[in-house]
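Residues 1 to 549 (UniProt numbering) are what the sequence shown spells out, left to right. In what follows, a structure is listed as structure tokens, so that the remarks can point back to it.
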Amino acid sequence: METFWKKSGDDEESDSRNARGAIIPSGSLPTITTTITTTAIEGNSALAPRQTATETACNNSPALCDRSYANVTHMGAHGSAFLRDASTNDSIAGNQHFNATAALDAGLRLLQVQVHHSSSSDDDDGGAAAAASSVLELCHTACWLLDAGPLSDWLARIRAWMDDHPDEVVTLLIVNSDGASAAEFGAVFEDAGIDGYGYAPSTTTSEWPTLRDMIAANKRLVTFIAPLTTTTPPDTATHPYLLSEFDHVFETAYEVTAPTSETGFNCTVDRPSSSLSAQAAISEAGFLPLLNHFAYRRLAADVLIPDVDGAAAVNSPADGVVGALGRHAQICSEEWGGVAPTFVLVDFWEQGPSVDTADAMNAVVAPVGRVNSTAASTSTTGDDNDGSTGDDDTGAGTGTGTGGSTASILYLPVLLADPGASPTQHRRTKVVAMAASHYTTVATPERCYADFCLIPVGTAHASVAEEVAEVQKLLKASGLTYTMHSAGTTVEGSWDDVMKVIGQAHSVVHAKGVVRVQSSMRVGTRTDKKQTAQDKVKRVEDLLAKDSS
């Protein structure tokens, strides 16, 4: 049986200039000319053509050149900057084994990241005060957890890749965690030199150009930001290429922990909140559908990590296997009236490999200019900073069981710095981590990970201040350099010395029946607004003074 894939809003009679394109049956590709002319581009005043040029492919295939942007499935790397490789000590918080430019080389054309103000990701308030004194940083949930460096540096690497690949259209999806303004993002894009590639549609409902037209005009970068905060008057007029995601795109659900369940991955509109069905959002409101297809492992009630062990099955192009990417895409296309997803986000993209599903949806049978994802999985790619080798670690979560129904997950961040070393800012924020296989045992250095410490312990009988005070006593006795502040305690020292203190701290907090040493060893909770930061630190100091008197 022949499968017909149709993208959002397609009309069967539309021609190659129609932004929505036509239904493309498998094995029946249109004839493509290979010369771009300098004639005017009809129906899209946002684009102006550049010089005549000859091309062999658009986004790795001549078959895609005369498809509209909305009529192409763009495979994407979820958390593309947050790596689980040697550069992060195989962080169990990482979403990818290989960096963003490696993903682009392998054929992915959508890169998703999360951005915080560097001074506020570990602070309860953030806001304008933080924005005034910080940079936009690529951080996974919080900068203490996984920090991939400044957004400007990452964008500069994407720009360099686009400079070297003039026939490729790239899409960015930025999660704006701290509500940075369009002006802030615009300044960073300009600093990175990538703003010139930005495509700006005339309206939120305008027809999308073909890839060929975008390449001809050299407006090859589409950037969605969620949420996008604007000023009064709107600063989006100054940076029209920065698009509010949920004015254009809807997403399916994204916190899936049971991918093989029939209800694990679905096709309904999860964001933005809407009374419209997915099919109506596409056909009536002109939304582009984004398929979230990545799974999590649940370590505790509120602790989820990317499921690296199941990535190969989850990213499989098989269309007959529950939980597989191929099946999810096929089912959604059927539910959406024959419209395939415009965007797909996956973790550990080389598994599957995920790009095979995009090729099937795009009816691409012979991609060109692409680095085979199998080759990429054995190459030296590292992170976007130091090029270290990416290891396919499938056991980072092994042996981290809670050891009992009363156990909880603890986070104990420290800073590991070699004497005399001067790490970069985002390296300084990284933490040493380890996991105890049972809450009655002392953790050992062999159980360490890069970004946080999973320490299961018993039922609580002590306040958070008492927890921190006990750890402070150990640090003082250790002779290591440490600084207590409202956001936590920073510890500096050699690997062995730091690991020894963590082991001792684990023994002490377990002996006192403490349930948690919170992510940054804060005193109080995020919702406790009656205590100031100084109050919290003073409470610990008072306990220490009382104990020594």
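Here a beta-carbon is modelled for each residue, glycine too, at the ideal position from N, C-alpha and C.
Exercise. Any idea if residue 219 is buried or exposed, counting beta-carbon neighbours within 10 angstroms, 16 or more meaning buried?
Worked result: Position 219 of the sequence shown, counted from the first residue, corresponds to residue 219. Looking at its Cβ environment, which holds 16 or more other Cβ atoms inside 10 Å, residue 219 is buried.
Exercise. For the beta strand (DSSP E) that residue 116 lies in, which residues bound it at each end?
Worked result: By 1-based counting over the sequence shown, the position of residue 116 is 116. Run containing residue 116: 110–117, per the beta strand (DSSP E) assignment.
Exercise. Residue range of the beta strand (DSSP E) that residue 139 falls in?
Worked result: Residue mapping note: residue 139 aligns to position 139 of the sequence shown, counting from 1. First-last of the beta strand (DSSP E) with residue 139: 136–139.
For this session: Would you identify the three-state DSSP class for residue 335, choosing helix, strand or coil?
Result: By 1-based counting over the sequence shown, the position of residue 335 is 335. Three-state DSSP puts residue 335 in a helix.
For this session: Please work out which residues of its chain come closer than 6 Å, Cβ to Cβ, to residue 277, disregarding the five sequence neighbours upstream and downstream, and give them in chain order.
Result: Position 277 of the sequence shown holds residue 277. Excluding positions up to five away in sequence, the list is empty.
Exercise. Ordered along the chain, which non-local residues of its own chain (more than five positions away) have a Cβ less than 6 Å from that of residue 193?
Worked result: Reading the sequence shown from its first residue, position 193 is the one you call residue 193. The answer, listed in chain order, is 159.
Problem set entry | Buried or exposed by the 16-neighbour rule on C-beta atoms within 10 Å, applied to residue 324 | The residue labelled residue 324 in the question sits at position 324 within the sequence shown. Buried, by the Cβ-count rule.
Exercise. Between residue 293 and residue 305, what straight-line distance do the alpha-carbon atoms span, to the nearest angstrom?
Worked result: Counted from its first residue, the sequence shown places residue 293 at position 293. Counted from its first residue, the sequence shown places residue 305 at position 305. Residue 293 and residue 305: Cα-Cα distance of roughly 14 Å.
Exercise. Terminal residues of the continuous alpha helix (DSSP H) containing residue 164?
Worked result: Position 164 of the sequence shown, counted from the start, is the residue given in the question as residue 164. Unbroken alpha helix (DSSP H) run through residue 164: 151–164.
For this session: Kindly provide the ranges of any beta strand (DSSP E) runs that are 3 or more residues long and lie completely inside the region 241–277, ordered along the chain.
Result: 242–244 and 249–251
For this session: Please list, in chain order, all residues of the same chain as residue 245 whose beta carbon is under 7 Å from its beta carbon, the five residues on each side excluded.
Result: For this step, residue 245 is matched to residue 245 along the sequence shown. Hits under 7 Å: 173, 224, 225 and 226.
Problem set entry | Identity of the residues DSSP links to residue 306 by a beta bridge | Here residue 306 refers to the residue found at position 306 of the sequence shown. Residue 306 pairs with 296.
For this session: Ignore the nearest five residues each way along the sequence and tell me which others in residue 318's own chain have a CB closer than 6 Å to its CB.
Result: Residue mapping note: residue 318 aligns to position 318 of the sequence shown, counting from 1. 324 and 326, listed in sequence order.
Problem set entry | Between the CA atoms of residue 240 and residue 186 - distance to the nearest angstrom | Residue numbering aside, residue 186 sits at position 186 when the sequence shown is read from its first letter. Residue numbering aside, residue 240 sits at position 240 when the sequence shown is read from its first letter. So the two alpha carbons sit approximately 9 Å from each other.
Exercise. Measuring CB to CB, does residue 208 end up less than 7 Å from residue 279?
Worked result: Within the sequence shown, numbered from 1, the residue matching residue 208 stands at position 208. Within the sequence shown, numbered from 1, the residue matching residue 279 stands at position 279. No, the Cβ-Cβ distance between residue 208 and residue 279 is not below 7 Å.
Problem set entry | Residues near residue 542 in its chain [Cβ-Cβ closer than 7 Å; skip 5 each side] | Taking the sequence shown and counting its residues from 1, the one referred to as residue 542 is at position 542. So no residue of the chain qualifies.
Exercise. I think residue 198 touches residue 221, with their Cβ atoms under 8 Å apart; what is that distance to the nearest whole Å?
Worked result: One-based indexing of the sequence shown puts residue 198 at position 198. One-based indexing of the sequence shown puts residue 221 at position 221. Correct: roughly 5 Å between the Cβ atoms.
Exercise. Which partner residues does residue 181 have in the DSSP bridge list?
Worked result: By one-based count along the sequence shown, residue 181 stands at place 181. In the DSSP output, where bridge partners are listed per residue, residue 181 has 229.
For this session: Measure the C-alpha to C-alpha separation of residue 74 and residue 342 and round it to an integer number of angstroms.
Result: Position 74 of the sequence shown, counting from 1, holds the residue named residue 74. Position 342 of the sequence shown, counting from 1, holds the residue named residue 342. Answer to the nearest angstrom: the Cα atoms are 6 Å apart.
Problem set entry | Local Cβ density within 10 Å of residue 368, reported as buried at 16 or more and exposed below that | Your numbering for residue 368 matches position 368 in the sequence shown. So residue 368 ends up on the exposed side.
Exercise. What did DSSP end up calling residue 497 once you bin it into helix, strand or coil?
Worked result: Position 497 of the sequence shown, counted from the first residue, corresponds to residue 497. Of the three classes helix, strand and coil, the one that applies to residue 497 here is helix, per DSSP.
Exercise. Beta carbon of residue 497, beta carbon of residue 475: below 7 Å?
Worked result: As a working note, residue 497 is residue 497 in the sequence shown. As a working note, residue 475 is residue 475 in the sequence shown. For residue 497 and residue 475, no; Cβs fall outside 7 Å.
Exercise. What are the partner residues of residue 367, as DSSP defines its beta bridges?
Worked result: Start at 1 with the first residue of the sequence shown, and residue 367 comes out as number 367. DSSP lists no partner for residue 367.
Exercise. Residue 256: which of 109, 348 and 314 sits nearest, CA to CA?
Worked result: Walking along the sequence shown from the start, residue 256 turns up at place 256. Considering only alpha carbons, the answer is 314.
For this session: Please state if the CB of residue 265 and the CB of residue 328 are separated by a distance shorter than 7 Å.
Result: Here residue 328 refers to the residue found at position 328 when the sequence shown is read from its first residue. Here residue 265 refers to the residue found at position 265 when the sequence shown is read from its first residue. Contact: yes.
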